[in-house]
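Residue numbers (the numbering used here): 162 to 741.
Written out below as structure tokens is the structure these notes cover.
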């Protein structure tokens, strides 16, 4: 006869560890994130200096780190060649260095998060900023923020590979580095955190939010120390909008949202066109560079980062008609250059396009109380919200970079309208289309885990069907044959009602033993009644079992009920029913 398990064994039944929102490990990752942010802040300054150096060498033939626009060059028709040379160098770096430097960085980072456990090759950390400096410095119509964000993310991934970390912690460091890069570029820490949440983290949890927020704040401090605390885009304080003006700004956001869909489709149509060329992809950036140079000959302001163009639209120094013309040329240059696979970003070009379109629409709606400068700001945020679907990041970014508190209401209305239009007209965003074509799903929807909200007390109201350890298997099999139960597993209790283990129907039918208790193969894994269905699901997956006894927390040898994989499916069925 099988003896009852001693009470100390019963009390030591393994249970899932309680999940803490924050623990000592979060403190450690936060410290790493701050260190990473300090480095990223200086890397952002270094990349800006490299872009300035390449610009001075390429367009003015001088050795200088002073920031200058390539639009003032006096090269004449020779300006067509400069971006092509830059594109050729980038193509060579991509082929013989790292192919991952191609593109604007964020989709590539998203892909590494989703498919490669947030591991980015170390050489990308060096080659991405260097290739971006060459591409932008030779006239590429990109902003520096995209490459800096990608470089910060690569630094975070590298740090997570050098130090023992989990895949989740490595993802947090990647997002922290990316947020630090954006914050160091624009002095916009809150929007940098929101961008990381909406595009890179794929979650909203204290474990990841805290390190990313600390990184963004630290990188912004570096920017303030090195460059001052002035807003990235100077803009005069505007008057509060009237009701008709707010409605107009929402309409402007909707129109810009349609434009964001067209822009996204155009970018990928250009990429598809390059894919059909009978040339190796290494040569494509050089071809795109020829177009950039030709457009730059006609419209010199399209060359380079163009932050001064954005500031001109927001301040009113650039007339709406001139802004619209600039945007048309900028779009052609940027779409072809980015589609060719060179190293560049999307944020600044999108802001430029949205700002120009918004200013033009605002000029037509002046009788309704619309200010073209505010319309440019709304257009800027709406274009990015529609194209990237990072709504909150877009709205807060426009506020942080201009310090225009009156703009929050128009920004929220216009950005939300563009966000709505984007979802109605486009399946994927400019950030996710590339990885979607590779079979990767990147969902931007976050909701609380339904299983985590269901307490296991729900499953102790059902009658408990158990077996006695001293019963013979033959008796149990006869009971099953007579329709005693349809369950696939049963808790096995000793004569005192203490849990010994769990026996499956298969083990019961095939087992050869004198007592049911002898069929128990392993110590049972249990959950207590205060835990959630998510805890039970985690334990099932970790221990590779299909059912768990539910016990009292104070008396873990006393069984109250049992939870099975079928209960998980039933819970999801209930979740679906709530949406109907």
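Ideal placement from N, C-alpha and C gives every residue a C-beta, glycine not left out.
On a predicted model such as this, the values are computed, not experimentally measured, just so you know.
Backbone secondary structure at residue i - three-state DSSP
{"i": "residue 710", "result": "strand"}
{"i": "residue 558", "result": "helix"}
{"i": "residue 652", "result": "strand"}
{"i": "residue 687", "result": "coil"}
{"i": "residue 224", "result": "coil"}
{"i": "residue 312", "result": "helix"}
{"i": "residue 725", "result": "strand"}
{"i": "residue 644", "result": "coil"}
{"i": "residue 504", "result": "strand"}
{"i": "residue 734", "result": "helix"}
{"i": "residue 462", "result": "helix"}
{"i": "residue 591", "result": "coil"}
{"i": "residue 297", "result": "helix"}
{"i": "residue 196", "result": "helix"}
{"i": "residue 230", "result": "coil"}
Residue i burial status per 10 Å Cβ neighbour count (16 or more: buried)
{"i": "residue 470", "result": "buried"}
{"i": "residue 109", "result": "The structure shown does not extend to residue 109, since the chain spans only 162 to 741, so no value can be given for it."}
{"i": "residue 744", "result": "One cannot answer for residue 744 here, as it falls past the ends of the chain, which runs 162 to 741."}
{"i": "residue 172", "result": "Any reading at residue 172 is ruled out, since the residue's pLDDT is 38, under 50, leaving its predicted position unreliable."}
{"i": "residue 170", "result": "Note on residue 170: pLDDT 36, under 50, position unreliable in the model; the coordinate value appears next. With fewer than 16 Cβ atoms within 10 Å of its Cβ, residue 170 is classed as exposed."}
{"i": "residue 184", "result": "exposed"}
{"i": "residue 541", "result": "buried"}
{"i": "residue 656", "result": "exposed"}
{"i": "residue 217", "result": "buried"}
{"i": "residue 680", "result": "buried"}
Backbone CA spacing between residue i and residue j [nearest angstrom]
{"i": "residue 668", "j": "residue 691", "result": "30 Å"}
{"i": "residue 409", "j": "residue 226", "result": "43 Å"}
{"i": "residue 368", "j": "residue 604", "result": "20 Å"}
{"i": "residue 289", "j": "residue 210", "result": "15 Å"}
{"i": "residue 482", "j": "residue 537", "result": "12 Å"}
{"i": "residue 467", "j": "residue 327", "result": "40 Å"}
{"i": "residue 591", "j": "residue 425", "result": "5 Å"}
{"i": "residue 522", "j": "residue 195", "result": "42 Å"}
{"i": "residue 269", "j": "residue 733", "result": "32 Å"}
{"i": "residue 206", "j": "residue 698", "result": "47 Å"}
{"i": "residue 279", "j": "residue 208", "result": "23 Å"}
{"i": "residue 535", "j": "residue 693", "result": "49 Å"}
{"i": "residue 671", "j": "residue 585", "result": "57 Å"}
{"i": "residue 730", "j": "residue 245", "result": "57 Å"}
{"i": "residue 191", "j": "residue 318", "result": "14 Å"}
{"i": "residue 336", "j": "residue 465", "result": "27 Å"}
{"i": "residue 599", "j": "residue 261", "result": "15 Å"}
{"i": "residue 461", "j": "residue 518", "result": "19 Å"}
{"i": "residue 572", "j": "residue 286", "result": "35 Å"}
{"i": "residue 351", "j": "residue 271", "result": "20 Å"}
{"i": "residue 221", "j": "residue 485", "result": "28 Å"}
{"i": "residue 168", "j": "residue 715", "result": "Its pLDDT being 34, under 50, residue 168 is placed unreliably in this model, and the value from its coordinates should be taken loosely. Looking at the two C-alpha atoms, the distance is approximately 13 Å."}
{"i": "residue 488", "j": "residue 727", "result": "57 Å"}
{"i": "residue 610", "j": "residue 619", "result": "17 Å"}
{"i": "residue 689", "j": "residue 330", "result": "29 Å"}
{"i": "residue 247", "j": "residue 434", "result": "21 Å"}
{"i": "residue 387", "j": "residue 735", "result": "55 Å"}
{"i": "residue 267", "j": "residue 480", "result": "32 Å"}
{"i": "residue 477", "j": "residue 527", "result": "14 Å"}
{"i": "residue 581", "j": "residue 650", "result": "49 Å"}
{"i": "residue 366", "j": "residue 570", "result": "27 Å"}
Check whether residue i and residue j have beta carbons under 7 Å apart
{"i": "residue 472", "j": "residue 394", "result": "yes"}
{"i": "residue 724", "j": "residue 712", "result": "no"}
{"i": "residue 392", "j": "residue 513", "result": "no"}
{"i": "residue 197", "j": "residue 338", "result": "yes"}
{"i": "residue 677", "j": "residue 710", "result": "no"}
{"i": "residue 405", "j": "residue 561", "result": "no"}
{"i": "residue 557", "j": "residue 375", "result": "no"}
{"i": "residue 583", "j": "residue 722", "result": "no"}
{"i": "residue 243", "j": "residue 219", "result": "yes"}
{"i": "residue 300", "j": "residue 505", "result": "no"}
{"i": "residue 305", "j": "residue 212", "result": "yes"}
{"i": "residue 548", "j": "residue 421", "result": "yes"}
{"i": "residue 612", "j": "residue 695", "result": "yes"}
{"i": "residue 502", "j": "residue 284", "result": "no"}
heavy atom of the ligand MN below 6 Å from residue i C-beta
{"i": "residue 205", "result": "For the ligand MN, the structure offers nothing, since it holds no ligand at all."}
(request) Check whether the stretch 500-510 touches the stretch 570-588, taking contact to mean three or more Cβ pairs, one atom from each stretch, closer than 8 Å. (result) no
(message) Whether or not the stretch 426-441 and the stretch 228-245 are in contact is what I'm after, with contact meaning three or more pairs of Cβ atoms, one per stretch, closer than 8 Å; do they touch?
(response) no
(message) Between the stretch 285-299 and the stretch 237-251, can you find at least three pairs of beta-carbon atoms closer than 8 Å?
(response) yes
(message) Under 8 Å: do the stretch 299-314 and the stretch 330-348 share three or more Cβ pairs, one atom per stretch?
(response) These segments touch.
(request) Would you be able to state if there are at least three C-beta pairs under 8 Å between the stretch 630-637 and the stretch 655-672? (result) yes
(request) State whether the stretch 378-395 contacts the stretch 200-217, with contact taken as three or more CB pairs (one from each stretch) at a distance under 8 Å. (result) yes
(request) Could you say if the stretch 480-500 and the stretch 447-460 meet the contact criterion of at least three C-beta pairs nearer than 8 Å? (result) yes
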